[in-house]
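Peer 1: According to my numbering, the residues represented by the sequence shown are 167 to 321, in order.
Think of the CB as a built atom: it goes at the ideal place given N, C-alpha and C, for glycine as much as any other residue.
This one's a predicted model, so the numbers in the text were calculated from it and none came from an experiment.
One structure coming up, written as structure tokens, with questions to follow.
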Amino acid sequence: MSPDPRTVAALREALEDEYRARATYRKVIEAFGPVPPFVNIVEAEDRHANALLALFERFGIAPPRDAWAGRVTAPATLAEACEAGVRAEIENQAMYERLLKEISDPETLVVMRRLQRASQERHLPAFQRCVERDRDGRGHPAGGPGRRRMRHGGG
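What follows is the structure, given as structure tokens:
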């Protein structure tokens, strides 16, 4: 069974969004180390991409390749990364809300709703806690609240 073009377009947009989020969170981890919630959410984004890739496979459609790795950068501070995570998850939830109206395939609807729910109920609150933790001065690994860990070159 092949899905209608609107469902395919929705799948492509959702997968691109998951790829972008995963690449961004990987850059944050590269810059600041394995800090929460990024270290957990990057794994979730990988699972989300895999759930969407399974739908592409089910439909026999080639998915877009992940070309985001070299196209994103980490924010300057961990605090900015947490704030960007909040914005990204709010945008992600709105994207899924919009895309759900375009989808006719029942299995695709189930997967997309599950991904939207994870974003809203788990990722967004985790990033909000990250922002609050930084605001409260409880700090983070990597040398203190919101500071980029310095990397020293060998000599």
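Once DSSP output is grouped into helix, strand and coil, what is the label at residue 285?
Peer 2: Helix.
Peer 1: Just the Cα atoms here: how many angstroms apart are residue 246 and residue 258?
Peer 2: Their Cα atoms are separated by approximately 18 Å.
Peer 1: Using C-beta distances below 8 Å, list every residue in its chain close to residue 180, excluding the 5 sequence neighbours before and after it, in chain order.
Peer 2: The residues are 218, 261, 262, 265, 278 and 281.
Peer 1: When DSSP labels each residue in this structure, what does residue 256 get in the three-state scheme?
Peer 2: Three-state DSSP puts residue 256 in a helix.
Peer 1: Tell me, please, whether the region 288 to 304 touches the region 220 to 236 by the rule of three or more beta-carbon pairs shorter than 8 Å.
Peer 2: Short answer: they don't touch.
Peer 1: Using the three-state DSSP reduction, which class does residue 186 fall into: helix, strand or coil?
Peer 2: Residue state, collapsed to three classes: helix.
Peer 1: Quick check on residue 242: does DSSP put it in helix, strand or coil?
Peer 2: The answer is coil: DSSP assigns residue 242 none of H, G, I, E or B.
Peer 1: Residue range of the alpha helix (DSSP H) that residue 300 falls in?
Peer 2: That run of the alpha helix (DSSP H) goes 290 to 301.
Peer 1: Quick one: measure Cβ to Cβ for residue 189 and residue 284, integer angstroms, because I've assumed they're closer than 8 Å.
Peer 2: The pair is not a contact, with the Cβ atoms about 18 Å apart (cut-off 8 Å).
Peer 1: What did DSSP end up calling residue 195 once you bin it into helix, strand or coil?
Peer 2: Three-state result, residue 195: helix.
Peer 1: What did DSSP end up calling residue 227 once you bin it into helix, strand or coil?
Peer 2: Residue 227: coil per DSSP, three-state reduction.
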